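In full-length UniProt numbering, the protein residues as written are 1 to 466.
Backbone N, C-alpha and C define an ideal beta-carbon position, used for all residues, glycine too.
Being a predicted model, the structure only gives us computed values, none of them experimental.
Reading through the structure tokens given below for one structure.
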Amino acid sequence: MYGLPTDTIRKEFRTRMVMNNGLNPAYNEEPFVFRKVILPDLAVLRIAVYDDNNKLIGQRILPLDGLQAGYRHISLRNEGNKPLSLPTIFCQIILKTYVPDGFGAIVDALSDPKKFLTIAEKRADQMKALGIDTNDIADVPSGSSKNDKKGKGKGDTVKASVTPQASSDMAQSSNAAQNNIENKKDSALVPHVSIDELKQMKTYLKLIKKQQKELGALKKKHLKDQNTMQKAHCGQMEKMVSLHDKDKTSLEKLLEKAIKKRGENNCQELKKETEDKIQTLLNDHKAKVKDITAQHTKEWSELSSSHSSEEQEIKDGHVTQQCEHLKKLLTTVQEQQTVQLKLIHERQSKEMRASQAKMSMENSKAISQDKSIKNKAERERRVRELNSSNTKKFLDERKRLAMKQQKEMEQLQKNQREQLEKLEKFNEQLLKSHHANKGVQGQGHAADGEAGGGDGPQACHSGVSD
């Protein structure tokens, strides 16, 4: 056969010499099978007959697209392509449509649709009776079947070829089902993280514990300062009350001594004068108490305000640290997710390459062990066809895998951007609520400071009476 380089076959199909029957030789040989013709319109078939001296008796060149199936008489011609009168070959020509491996069921369904529909309906009824949903079952093309062998029957020529479109569609459907399963597994390996999960992380809890410890230490220090000031204020008030009581007692003792010496009737003026002095002393004491109480209240308010501002400042720092730490944690988790997804993609690519290499080796081994292939050239042709088909198939699979992985990476990046936006909104809301609470707490602390400043000194000089 001559045609395209892949269709050209030379000196492979030759019968044995028929001895002692030169007038009507019968060649009882295996059929000459041309398994696949890529371009039948360009291919021609050459039949030549030689004598025992390897001299050409006659030949015939036939266009492949003009052949007709059946038993045919083919008259031979000489080297100049002129007809010969007697030399004729009687042979059987079988023409079949080439069906690639795995497409026998499709060809049978197209050739006999009623039978195919009947079988499909019967299968659906059986599965329905068993309670199985057909949508849950992925169509997986079988590697070889009895129907496939029908398309590779023996004959002199196998004409034309069918483009493997249905095969690719079926393979894509099965690959899509497999990819969905892999996507579920991979999405489980790269889970999305929420803000609540970030808050439960060890480093964040450690930061919160540290901040609570700092705030507790500050409150203890403030309480100590308040107790110290309150003790100082109470000491001053007690000292003033003691001095007032001492002056009052000394005046009363002088009056008692005078009454003892002079008598009560003679000390009316002194008694009145002493009462006036005591009243003046009491008024002076009240004025001093009022002044020192105001001073104590001012000092207490200043201390409370200082403590409140200091506590608020450290709380502001804590909230800022929490926001920054949450953002840092999210960035770290997202980097880990990206690295993890890249590792998954590398593993998938590696597994695919290994699977493809294994499949190629198994197919080559199957061809080398196929006993139906008689000669070496046909075996080499099969191997070349297989390598060409596998190369295209493997490249398409790798391209689909690369596109799927790219979509997964883009989806992960999109989810990460959405998570970052959510975290930023959460941080803004946290800062706003903190500042709102800050204003309310500031007013409350100011009122508490004034009330506390008045209560402390009043409790200390509650023993003073008119």
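Determine the DSSP secondary structure at L95, reduced to helix, strand or coil. Looking up residue 95 in the sequence shown gives position 95. Coil at L95, not helix or strand.
What ranges does the beta strand (DSSP E) occupy inside the stretch 53-139, keeping only unbroken runs of at least 3 residues that lie completely in it? 56-63, 70-77 and 83-93
Could you give the residue range of the alpha helix (DSSP H) that holds I195? Within the sequence shown, residue 195 is the residue found at index 195, counting from 1. I195 -> alpha helix (DSSP H) spans I195 to K199.
Leaving out five residues on either side along the sequence, give the residues of the same chain with a beta carbon under 8 Å from the beta carbon of H192. If you number the sequence shown from 1, residue 192 lands on position 192. The answer, listed in chain order, is N415 and Q419.
Identify which residue in V33, L198 and E30 has its Cα closest to the Cα of F426. If you number the sequence shown from 1, residue 426 lands on position 426. Ranking V33, L198 and E30 by Cα distance to F426 puts L198 first.
Would you tell me roughly how many angstroms separate the C-alpha atoms of E256 and M240, rounded to the nearest one? The sequence position of residue 256 within the sequence shown is 256, counting from 1. The sequence position of residue 240 within the sequence shown is 240, counting from 1. One C-alpha to the other measures close to 24 Å.
Should Q429 and E397 be called a contact, given that it needs their Cβ atoms to be closer than 9 Å? Taking the first residue of the sequence shown as 1, we reach residue 429 at position 429. Taking the first residue of the sequence shown as 1, we reach residue 397 at position 397. With contacts defined as CB atoms closer than 9 Å, Q429 and E397 fail to qualify as a contacting pair.
Under 8 Å, with one C-beta from each stretch per pair, do the stretch 64-75 and the stretch 86-104 reach the 3-pair mark? yes
In the structure shown, what three-state DSSP assignment does I278 receive? Stepping through the sequence shown from its first residue, residue 278 is reached at position 278. Three-state result, I278: helix.
Would you call the CB atoms of L215 and Q322 closer than 9 Å? Numbered from 1 along the sequence shown, position 215 holds the residue referred to as residue 215. Numbered from 1 along the sequence shown, position 322 holds the residue referred to as residue 322. It is not a contact, given that the beta carbons lie outside the stated cut-off.
Say whether the stretch 28-37 touches the stretch 49-57, bearing in mind that this needs 3 or more beta-carbon pairs closer than 8 Å, one atom from each stretch. no
In its own chain, which residues sit with a C-beta less than 7 Å from the C-beta of K150, not counting the 5 before and 5 after it? As a first step, residue 150 is located in the sequence shown; it is residue number 150 there, counting from the start. In this prediction, K150 scores a pLDDT of 39, lower than 50, which makes its location untrustworthy; the coordinate-derived value is nonetheless stated afterwards. Result list for K150: G104, in chain order.
Between L243 and I278, is the Cβ-Cβ spacing less than 9 Å? Translated into the one-based positions of the sequence shown, residue 243 becomes position 243. Translated into the one-based positions of the sequence shown, residue 278 becomes position 278. No; because the gap between Cβ atoms is not below 9 Å, this pair is not in contact.
Our contact map puts L401 next to Q348 with C-beta atoms below 8 Å; I'd like the distance itself, whole angstroms only. Mapped onto the sequence shown, residue 401 falls at position 401. Mapped onto the sequence shown, residue 348 falls at position 348. At roughly 6 Å, the Cβ-Cβ gap stays under 8 Å, so L401 and Q348 are in contact.
Pick helix, strand or coil for A43, following the three-state DSSP scheme. As a working note, residue 43 is residue 43 in the sequence shown. Coil at A43, not helix or strand.
Proximity below 9 Å, CB of H296 to CB of Y204: Here residue 296 refers to the residue found at position 296 of the sequence shown. Here residue 204 refers to the residue found at position 204 of the sequence shown. No. Outside cutoff.
Between K288 and K261, what straight-line distance do the alpha-carbon atoms span, to the nearest angstrom? Position 288 of the sequence shown, counting from 1, holds the residue named residue 288. Position 261 of the sequence shown, counting from 1, holds the residue named residue 261. Whole-angstrom Cα-Cα distance: 35 Å.
Which of the three DSSP states is assigned to Y2 in this structure? Here residue 2 refers to the residue found at position 2 when the sequence shown is read from its first residue. Three-state DSSP puts Y2 in a strand.
Per DSSP, what kind of secondary structure is Q165 in: helix, strand or coil? On the sequence shown, position 165 is the one that residue 165 refers to. Here Q165 scores only 39 on pLDDT, less than 50, and its place in the model is too uncertain to base an answer on.
Does the Cβ of T293 have 16 or more other Cβ atoms within 10 Å, making it buried, or fewer, making it exposed? What you label residue 293 is simply residue 293 of the sequence shown in a count that begins at 1. Here T293 is buried. Its C-beta has 16 or more other C-beta atoms within 10 Å.
Alpha carbon to alpha carbon, what distance is there between K286 and S465? Sequence index remark: in the sequence shown, residue 465 carries index 465 (1-based). Sequence index remark: in the sequence shown, residue 286 carries index 286 (1-based). The predicted position of S465 is uncertain, since its pLDDT is 45 and thus under 50; a value taken from the coordinates is nonetheless stated next. Whole-angstrom Cα-Cα distance: 9 Å.
How close, in whole Å, do the beta carbons of L341 and M403 come, if the pair is a contact with beta carbons under 8 Å? Taking the sequence shown and counting its residues from 1, one reaches residue 341 at position 341. Taking the sequence shown and counting its residues from 1, one reaches residue 403 at position 403. L341 to M403, Cβ: 15 Å. No contact.
Taking all protein chains shown into account, decide if I61 is buried (16 or more other Cβ within 10 angstroms of its Cβ) or exposed. If you number the sequence shown from 1, residue 61 lands on position 61. Exposed, because fewer than 16 other Cβ atoms sit within 10 Å of the Cβ of I61.
Cβ-Cβ separation, L423 to I314 (assumed contact under 8 Å), whole Å: In the sequence shown, counting from the first residue as 1, residue 314 sits at position 314. In the sequence shown, counting from the first residue as 1, residue 423 sits at position 423. Not really, about 23 Å apart at Cβ, beyond 8 Å.
Helix, strand or coil, according to DSSP, for V33 in the structure here? One-based indexing of the sequence shown puts residue 33 at position 33. Coil at V33, not helix or strand.
So which of H435, V18 and T274 has the shortest CA-CA distance to T320? Residue numbering aside, residue 320 sits at position 320 when the sequence shown is read from its first letter. Per the Cα distances, H435.
Y50 (DSSP reduced to helix, strand or coil): One-based indexing of the sequence shown puts residue 50 at position 50. In the structure shown, Y50 sits in a strand (DSSP, three-state: E or B).
Should L282 and D225 be called a contact, given that it needs their Cβ atoms to be closer than 9 Å? Position 282 of the sequence shown, counting from 1, holds the residue named residue 282. Position 225 of the sequence shown, counting from 1, holds the residue named residue 225. No, these two residues do not count as a Cβ contact at 9 Å.
Let me confirm a value: E378 is counted as buried when at least 16 other C-beta atoms fall within 10 Å, else exposed. Which label applies? In the sequence shown, residue 378 corresponds to position 378, counting from 1. Label assigned to E378: buried.
Under a Cβ-count criterion, where at least 16 other Cβ atoms within 10 Å of its own Cβ denotes burial, should L395 be classed as buried or exposed? Position 395 of the sequence shown holds residue 395. With fewer than 16 other Cβ atoms within 10 Å, it is exposed.
Taking buried to mean at least 16 other C-beta atoms within 10 Å of its own C-beta, is L130 buried or exposed? Taking the first residue of the sequence shown as 1, we reach residue 130 at position 130. By the 10 Å Cβ count, L130 comes out exposed.
Contacts around N78, its chain only, beta-carbon distance under 7 Å, and the 5 residues preceding and following it disregarded: Numbered from 1 along the sequence shown, position 78 holds the residue referred to as residue 78. Taken in chain order, the residues that qualify are G58 and L84.
To the nearest angstrom, report how far apart D291 and K432 are at their CA atoms. Along the sequence shown, one-based indexing puts residue 291 at 291. Along the sequence shown, one-based indexing puts residue 432 at 432. Their Cα atoms are separated by approximately 42 Å.
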